[in-house]
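Visitor:
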Amino acid sequence: MALQESAALLAKLKDAYSKNDLKTCSSVLDQLKVKLIQFPSLPPVNQPSPTAQQELTLTREALEHACCVSIKQQDEAAMERAFVQLKVFYEDTRSKLPPSPQETTLQGLNLLRLLVQNRVAEFHTELELITPETQALPEVAHVLQMERWLMEGAYNKVLASSQSGTATDLHAQLMSQLATTVRDEIASCCEKAYTQLKLADAQRMMMFDNEKAILAYAAEHNWPVQGGRIFFQVEGKAGKVEGPPPLALINNALMYAKELERIV
Amino acid sequence: MVAEKMDTDKQADGPAPETEAKAGQARQMSPLEALFGLVNVLETSVKLKETKMGRVMRICASTRSQLSPETLRAFFSTVLADDVESKGFLTAHAEQASAGQVAAMDTSEASSSGKAESQKPTNTPEVEIMCFMLLLMNLLDNKKAQQAKEVSIKALQRLSTLNRRTLDTIAARIYFYYAWSHEQTGQLADVRSTLLALHRTTTLRHDSIGQETLLNLLLRNYLHYGLYDQAEKFRSKAQKEDVFRSHQQYCRYLYYLGRIRAIQLEYSEARDCLQQASRKAPTSALGFRVTADKWLTLVRLLLGEVPERAEFAVPGLSQPLQPYYEVTQAVRRGNLDAFAQVAAKYDAVFRADATRNLVTRLHQNVLRTGLKRISMAYSRISLADVAAKLALPSVEDTECIVAKAIRDGGVDAVLDHDTGAMASKETQDVYVSSEPAEAFHARVAFCLDLHNEAIKAMRYEVCCSRMRASRRRQ
Amino acid sequence: MAAVSSASGLLSLLSEPSDTLRSYALQNLDRVVHEFWFQISASIASVEALYEDEEFGQRELAAIVASKVFYHLGELDDALAYALGAGKLFDVNEQSEYVQTLIARCLDQYFELRLKQVEAKQDVQIDPRLVSIVERMLERCCVHGQFEQAVGVALEARRLDKLEEIIQRSTDGLRTLKYALRCCQGLIINRDFRQQVLRLLIRLYEASRSPDYVDICQCLMFLDDAPEVAKILHSLLTGTEDDELLAYQTCFDLVENEMQSFLTKVGQKCRQNLIQTQGSPAAPAAEEGGGAAAMDTDAPAPASSEPAQPQADAPVPEHVARHASKLSKVKNILSGQTPIGMHLDFLHNHADLQILKNIKGAIDSRNSVAHSATVFANAIMHSGTTVDMFLRENMDWLSRATNWAKFSATAGLGVIHRWLAGLGTNDDEMFEDVKNILYTDSAVAGEAAGISMGLIMAGTATDKATEMLAYAHDTQHEKIIRGIVLGLALVMYGREEGAETLVEQMSRDQDPIIRYGAMYVLGMAYRGTSNNGAVQKLLHFAVSDVSDDVRRAAVLCLGFVLMNAPQQCPRIVALLSESFNPHVRYGAAMAVGMACAGTGLKDAVALLEPLLLDGVDFVRQGAYIATALVMVQQPEVRLASFRKRLDKSIGNKHEEIMAKLGAIMAAGILDAGGRNVGIGLRSRSGFFRRTSVIGLAVFTQYWCV
């Protein structure tokens, strides 16, 4: 009954997904979800039943597809929901089901998602839950490497990997958002680090396709361009470093006096 | 998960000078007599409705090492009145525990049997619960975790029927042993819901020592399984007092909080918490300080401070902290290869300490430190050389990395792309800037805080007039 | 094993668009809420939104989840609000901690709202669901036979209708009634409500089969309802012999509580009833009824009081039936004549004259302070015994006394013969007489007049108080001001909140003497209630007022307020007894002495011991007197060392005179009433004796020599 209907729906979903028909995917998903919650063997009810294994496997597949669909749709809220549910599901059914083949990929995607959205603290919190063995697996290791590059500043590597078409198109989807952020980072680094830069070099570093793009970018950031070079405002003009601002000093002194005289 | 040594518990109560003498006496007294004395002290405390039970705990701590299951069995059968419901349970378990051991009856035991008759059996609930606690202490000291687990479950059942404030301190200890025995048998996840329910009850009853203990136990539970997110949510929403009543619980709390913050990349806050935890811990709590220091070192490295060598040379700490010392050295040198070597060499240690991920994060700091040293040493250096020194794969990467370092303010230099070189800026007289004032301010603020806390911690002696009167009478 | 490892999955379901999914999420959240409340609390807004959403099918489910989360967060009021919104899902019979805590909170909230409604007369809307829960709880109590709990709840909720219902339903109605009466007297602070409850209880008492007339009469006495009492007495007297005895017993009990004006009125009413039933000229009940009262006090009598002598019975006409004789017996009892007579018969004079002789020999007779002290001691020792041998023998010695000492000697005489009428009779005529004396504006007389006005109007809180206060502002003599304010205090005896306005006025005054009086008003008004507000105010003045007198009075009056809980007093006053200000220490000693009078509490004695060795003389004086008050009627064993100390102090030439005064008076108190009498602040039924309390208050003024 419910099981068979759900199985049918799942098949339909997979079909639509492979055809990249996102709209059908979402509508089928909605129906599927409503059906799924009627299974008694799902957590937190956890009722044992003969069809438990099938139900759980079915649910898991459905949730995995939900994640993928949401990535394709670039729907952040949906992504959030889908991944959270999937993660909890993995955790709860770890003892009951054999591990899913998609698990590491999806974990990797989850981490990537967090990274792209600049939620680094949550990224690391998630990381704590992943064992070192899993971390060594390529899907996850790749994301970890990216995080490291981002931290270090090896942006070129990041952009390179995004454009080389690694992993799946899902990765590519997420990475496209990354590109813009990374570019901004590179730009601000260049600003501080260089006094001047040849246009060609700048274009290469910031991964622009043509000169016009880089010129437009420079104009946005108010960098004067002269003779094929971009001049950055170097902050080395700080010849005179002022002493401690007087107001702050006065405030501090007053605070010391108050604390010393106060009866706690 | 590193096991904090149980010694922290027993010695963390900080024996006052008077109990040193008492402990000395206890060594001459047989353990059984010491236990009888303990019962008397406990009953007096209950009559006076004291809730702190400081003396009781100190006596327990000092007699702990001399207890044997045989002694306990004799103690239980004498001291507990027959209508105490757990008496049978306790004596049975004590016998079970002593069955595996050779019972050594020395002469002092025989002589104290005379004393045993003069001890009246009592059915005060506090004494009963204290017996549970003594049994648990003994079982855990002798590594009988499974049995301890059963005993602790029964103890909790018994506690749930009682609601007396005088029981609070002892009950808090029992919660601790309950969680600890489960941790030893690898079933920590089971106790989570019980601990949560207990936490709710203690909050409702304003049992602050129980509340604090359970908060820490729950945090430990979550962190054991790496559930940092839940731990943080719980910690932020749980009701807790502004000032912790128990010093030891406060240290533990700071340690757990520091860990959570470290994982969440809030390094300055983490450093403050861990530093405070390490400083406030009693000097005898060696295991605790070692663990806290491990995390503290890593956090400081992540912040860019390099701990001094002298800090690792403290006796007692140097051996366990050896891996961390080597990590510090690698970071200081700024050499990626060395760092990778150290990380691989002590991988197992780091895994056991749950600090592996933090160590991985240090990769970036190694680079930073290396860059700093280079920029301070050279006024101008080509990027190719930099790449060689830092063992980086390519010049391009190096350029980007250096650019980011400059932007983050870690390195004071300028890049010249055309020549592919890095030129350091002139170092300026630091006294011209406001840095000294700020550093000074930080130190002053710390001292003032310390002063305020010390004053707040002084408690007004409630019974000083009573003491004066009693002294006068004597 | 927990069902889920984290509730985040379920929480994310909450933001799904489909309703089914959201209901599913809520159901499961409800199951795991006790383990993951902290996670759910982050998304509590969405749960609340679901509750607010009119179209959502499972609003109650959302409410119950929200309620549980708030409970865990410690926000009980919000939790309660949502629990009420959850309707049937909130099961009051569940035994979980959650439900119990919320029900307790529900009751508390209901009480607060009712209080505001009834007493502050604010128009407050009480949620009908709240009311229904409270009533359900009451129902459950009655069903389980826990009537006393139900009575408590009804009283706190100010629901007289419920109270009546409970008492009628209870299986042991009489016991429940008694419990209600005890609660009423002991626990209800608000006077108005107390009187309402008393009326209700009386009605119920009378409706019950075997009414406890003694209790009923007590109630009526507090309600000041003389006609009812007379009616009851009448019906009892016309009944069986047992009933007659019961009537007499009731009269004795009434006299114990010493509410003079009330007794007078009862007497009058009885006479009226007699006239009505018998139609015969009554016995000279009128004169007897008026103004004859007897009491035990150790205060100097106001100079202008009327001496009252127990009058002999007029011969009863023959043809009046037994009823008249019964009635006259009642008369005698009510007038206090019979009790006095019995007291006199009973008391055997043990007072040791030797002590007095020693004292007299030890002091220098020219020293008026010591002289007066001796006189006081004698007075107290022989009070009520009519043994004035000492005085007669030493008449010439007495005559050497000057001024105030003369006054006190005469007063002592009065005390010995148990004088002092007019206390609390609320007689307007007397009041006017005394007031005229007041207006003569002579210092000593004025002071006495002030105090006597207070004594006459004791406990009535009349408007004449404002007149007195006005005069206090006008006059220049400190003595008169002091007398008046003390009188005011006596007027406000036992009025509790009724005295609030006067206290406010007086305590803000510039004149320290009036503030001093304000302290006494507080003490007298709240005597024996341990009212927290009063204690707080007194403590506030004790530490923050500028005048030493006021601070002393504040601490002293703490003793009055804490009279019903003598064990509390030492603890509260302990810190004050170590104050650097000697006045405060003195006040602390006296407070303890009065609150613990006659109890012999170890704590009290322990607190007073260091004060006995205090450096300042009047502190020692206070300590002596207080210790004597506490230790009166204690076995000789405990007293021995204290007596020795007193003797030493009296005999010591170098002892300062103030301390000696204290020692002498203490000796007197210890031997009070020929060693037979104790200081009884309470009557047998536990109510405070007005005369004793007032007596103690005026006694503390001995300071004003």
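Residue numbers (the UniProt record's numbering), protein chains in the order written: chain A, 1 to 264; chain B, 1 to 474; chain C, 1 to 705.
In this text, a Cβ means the ideal position worked out from N, Cα and C, and glycines have one as well.
From a predicted model like this one, the values you see are computed outputs, not experimental measurements.
Rounding to the nearest angstrom, what Cα-Cα distance links leucine 42 of chain B and arginine 173 of chain B in this structure?
Guide: Numbered from 1 along the second sequence, position 42 holds the residue referred to as residue 42 of chain B. Numbered from 1 along the second sequence, position 173 holds the residue referred to as residue 173 of chain B. Going from the Cα of leucine 42 of chain B to the Cα of arginine 173 of chain B covers about 15 Å.
Visitor: Lysine 404 of chain B and alanine 413 of chain B - do their beta-carbons sit closer together than 8 Å?
Guide: For the purposes of this step, residue 413 of chain B is identified with residue 413 of the second sequence, where counting begins at 1. For the purposes of this step, residue 404 of chain B is identified with residue 404 of the second sequence, where counting begins at 1. No, the Cβ-Cβ distance between alanine 413 of chain B and lysine 404 of chain B is not below 8 Å.
Visitor: What's the call for alanine 2 of chain A, buried or exposed, on a 16-neighbour Cβ count within 10 Å?
Guide: Start at 1 with the first residue of the first sequence, and residue 2 of chain A comes out as number 2. The residue in question, alanine 2 of chain A, is exposed, as its Cβ has fewer than 16 Cβ neighbours within 10 Å.
Visitor: Please report how far the alpha carbon of isoleucine 484 of chain C lies from the alpha carbon of valine 616 of chain C, in whole angstroms.
Guide: If you number the third sequence from 1, residue 484 of chain C lands on position 484. If you number the third sequence from 1, residue 616 of chain C lands on position 616. C-alpha separation (whole angstroms): 29 Å.
Visitor: Please tell me whether threonine 195 of chain A has its Cβ less than 8 Å away from any Cβ of chain B.
Guide: To locate residue 195 of chain A, count along the first sequence from 1; it is residue 195. Contacts with chain B at 8 Å (Cβ-Cβ) include threonine 195 of chain A.
Visitor: Which whole runs of the alpha helix (DSSP H) in the segment 223–260 of chain B are 4 residues long or more, in chain order?
Guide: As far as the segment 223–260 of chain B is concerned, its whole alpha helix (DSSP H) runs of at least 4 residues are 228–237.
Visitor: Glutamate 241 of chain C to glutamine 149 of chain C, Cα distance in whole Å?
Guide: Reading the third sequence from its first residue, position 241 is the one you call residue 241 of chain C. Reading the third sequence from its first residue, position 149 is the one you call residue 149 of chain C. Rounded to whole angstroms, glutamate 241 of chain C to glutamine 149 of chain C spans 38 Å at the Cα level.
Visitor: Could you spell out the range, first to last residue, of the alpha helix (DSSP H) harbouring alanine 421 of chain B?
Guide: Here residue 421 of chain B corresponds to residue number 421 of the second sequence, with the count starting at 1. Counting along the chain, alanine 421 of chain B falls outside any alpha helix (DSSP H), though it belongs to the beta strand (DSSP E) covering 421–424.
Visitor: What does DSSP give as the partner residues of tyrosine 256 of chain A in its beta bridges?
Guide: The count along the first sequence starts at 1 and reaches residue 256 of chain A at position 256. Tyrosine 256 of chain A is not bridged to any residue.
Visitor: Whole-angstrom Cβ separation of isoleucine 126 of chain C and phenylalanine 90 of chain C, contact assumed at under 8 Å?
Guide: Taking the first residue of the third sequence as 1, we reach residue 126 of chain C at position 126. Taking the first residue of the third sequence as 1, we reach residue 90 of chain C at position 90. Between phenylalanine 90 of chain C and isoleucine 126 of chain C the Cβ distance is about 18 Å, and since that is not below 8 Å, they are no contact.
Visitor: Around the Cβ of lysine 33 of chain A, are there at least 16 other Cβ atoms within 10 angstroms (buried) or fewer (exposed)?
Guide: Stepping through the first sequence from its first residue, residue 33 of chain A is reached at position 33. Answer is buried; the Cβ neighbour count reaches 16.
Visitor: Around the C-beta of aspartate 463 of chain C, are 16 or more other C-beta atoms found within 10 angstroms, so that it is buried, or is it exposed?
Guide: As a first step, residue 463 of chain C is located in the third sequence; it is residue number 463 there, counting from the start. Looking at its Cβ environment, which holds fewer than 16 other Cβ atoms inside 10 Å, aspartate 463 of chain C is exposed.
Visitor: Out of B:Phe350, B:Phe339, B:Arg356 and B:Val349, point me to the one whose CA is closest to arginine 368 of chain B's CA.
Guide: As a working mapping, residue 368 of chain B is identified with position 368 in the second sequence. Looking at the Cα atoms, B:Phe339 is the closest of the given residues.
Visitor: Does the beta carbon of leucine 73 of chain C sit closer than 8 Å to a beta carbon anywhere in chain B?
Guide: What you label residue 73 of chain C is simply residue 73 of the third sequence in a count that begins at 1. It does: the Cβ of leucine 73 of chain C has a partner Cβ on chain B nearer than 8 Å.
Visitor: How would you list, in chain order, the residues of chain C whose beta-carbon sits under 7 Å from the beta-carbon of aspartate 237 of chain B?
Guide: One-based indexing of the second sequence puts residue 237 of chain B at position 237. Reading off the sequence shown, one finds lysine at residue 237 of chain B, where the question assumed aspartate. Here the neighbours are Phe38, Ser41 and Leu73.
Visitor: Tell me whether valine 411 of chain B sits in a helix, a strand or coil according to DSSP, three-state version.
Guide: For the purposes of this step, residue 411 of chain B is taken as the residue at position 411 of the second sequence. Reduced to three states, the DSSP call for valine 411 of chain B is coil.
Visitor: Among the candidates C:Pro635, C:Leu538 and C:Val546, whose CA atom is the shortest distance from the CA of alanine 588 of chain C?
Guide: As a working note, residue 588 of chain C is residue 588 in the third sequence. Taking only the C-alpha atoms, the option nearest alanine 588 of chain C is C:Leu538.
Visitor: Going by the CB atoms, is the gap between histidine 477 of chain C and alanine 443 of chain C shorter than 8 Å?
Guide: Walking along the third sequence from the start, residue 443 of chain C turns up at place 443. Walking along the third sequence from the start, residue 477 of chain C turns up at place 477. For alanine 443 of chain C and histidine 477 of chain C, yes; Cβs fall inside 8 Å.
Visitor: Does the Cβ-Cβ distance between glutamate 244 of chain C and leucine 237 of chain C come in under 8 Å?
Guide: Indexing the third sequence from 1 puts residue 244 of chain C at position 244. Indexing the third sequence from 1 puts residue 237 of chain C at position 237. Yes. Within cutoff.
Visitor: Along the segment 84–103 of chain A, where does the CB come closer than 7 Å to a CB of chain C? Name the residues.
Guide: Val84, Gln85, Val88, Phe89, Glu91 and Asp92
Visitor: Who pairs with isoleucine 230 of chain A in a beta bridge, going by DSSP?
Guide: Residue 230 of chain A sits at position 230 when you count from the first residue of the first sequence. DSSP output for isoleucine 230 of chain A lists A:Leu197 and A:Val225 as bridge partner(s).
Visitor: Quick one: what's got a C-beta closer than 8 Å to valine 561 of chain C's C-beta in the same chain, skipping five residues either side?
Guide: Here residue 561 of chain C corresponds to residue number 561 of the third sequence, with the count starting at 1. Leu522, Gly523, Tyr526, Arg527, Gly528, Thr529, Ser530, Asn531, Ala534, Val535 and Leu538.
Visitor: Between cysteine 273 of chain B and arginine 261 of chain B, is the Cβ-Cβ spacing less than 8 Å?
Guide: Locating residue 273 of chain B in the second sequence gives position 273, where the first residue counts as 1. Locating residue 261 of chain B in the second sequence gives position 261, where the first residue counts as 1. With a cutoff of 8 Å on beta-carbon distance, cysteine 273 of chain B and arginine 261 of chain B are scored as near each other.
Visitor: Closest by CA to aspartate 215 of chain C, which one among C:Pro227, C:Ala180 and C:Ala81?
Guide: As a working note, residue 215 of chain C is residue 215 in the third sequence. Closest option to aspartate 215 of chain C, Cα to Cα, is C:Ala180.
Visitor: My output table needs one value for arginine 137 of chain A: the three-state DSSP class, helix, strand or coil.
Guide: Position 137 of the first sequence, counted from the first residue, corresponds to residue 137 of chain A. Going by the sequence as given, residue 137 of chain A is leucine instead of arginine. Reduced to three states, the DSSP call for leucine 137 of chain A is coil.
Visitor: Which residues of chain C have a Cβ atom closer than 7 Å to the Cβ of glutamine 230 of chain B, listed in chain order?
Guide: One-based indexing of the second sequence puts residue 230 of chain B at position 230. Per Cβ cutoff of 7 Å: Ser6 and Gln39.
Visitor: Output needed in chain order: residues of the segment 18–40 of chain A with a Cβ under 9 Å from some Cβ in chain B.
Guide: none
Visitor: By the three-class DSSP mapping on this structure, what secondary structure does lysine 19 of chain A have?
Guide: For the purposes of this step, residue 19 of chain A is identified with residue 19 of the first sequence, where counting begins at 1. Lysine 19 of chain A falls in the coil class under three-state DSSP.
Visitor: Check the Cβ-Cβ distances between glutamine 187 of chain B and every residue of chain A, and say whether any is below 8 Å.
Guide: Start at 1 with the first residue of the second sequence, and residue 187 of chain B comes out as number 187. No, no contact with chain A.
Visitor: Is leucine 302 of chain B a contact residue of the ligand FAD, with contact defined as CB to any heavy atom under 7 Å?
Guide: Ligands are entirely absent from the displayed structure, and the ligand FAD is therefore not among its contents.
Visitor: In whole angstroms, what is the alpha-carbon distance linking glutamine 185 of chain C and glutamine 196 of chain C?
Guide: Numbered from its first residue, the third sequence carries residue 185 of chain C at position 185. Numbered from its first residue, the third sequence carries residue 196 of chain C at position 196. Rounded to the nearest angstrom, the two C-alpha atoms are 12 Å apart.
Visitor: At 8 Å on the CB atoms, spell out the chain A contacts of glutamate 254 of chain C, in chain order.
Guide: Within the third sequence, the letter at position 254 stands for residue 254 of chain C. It should be pointed out that residue 254 of chain C corresponds to leucine in this sequence rather than to glutamate. Those do not exist, as leucine 254 of chain C stays about 57 Å from chain A at its closest Cβ, beyond 8 Å.
Visitor: Would you tell me roughly how many angstroms separate the C-alpha atoms of glutamine 364 of chain B and methionine 146 of chain A, rounded to the nearest one?
Guide: Residue 364 of chain B sits at position 364 when you count from the first residue of the second sequence. Residue 146 of chain A sits at position 146 when you count from the first residue of the first sequence. Roughly 13 Å separates the two Cα atoms.
Visitor: Spatial neighbours of methionine 458 of chain B within its chain, please: C-beta separation below 7 Å, excluding the five flanking residues on both sides.
Guide: Sequence index remark: in the second sequence, residue 458 of chain B carries index 458 (1-based). The answer is none, since no qualifying residue turns up.
Visitor: Which residues, taken in chain order from the segment 258–269 of chain B, show a beta carbon closer than 7 Å to some beta carbon of chain A?
Guide: Within the segment 258–269 of chain B, the qualifying residues are Ile263, Gln264 and Leu265.
Visitor: In chain order, which continuous runs of the alpha helix (DSSP H) of length 4 or greater are located wholly inside the segment 86–149 of chain A?
Guide: 103–116, 120–128 and 132–136
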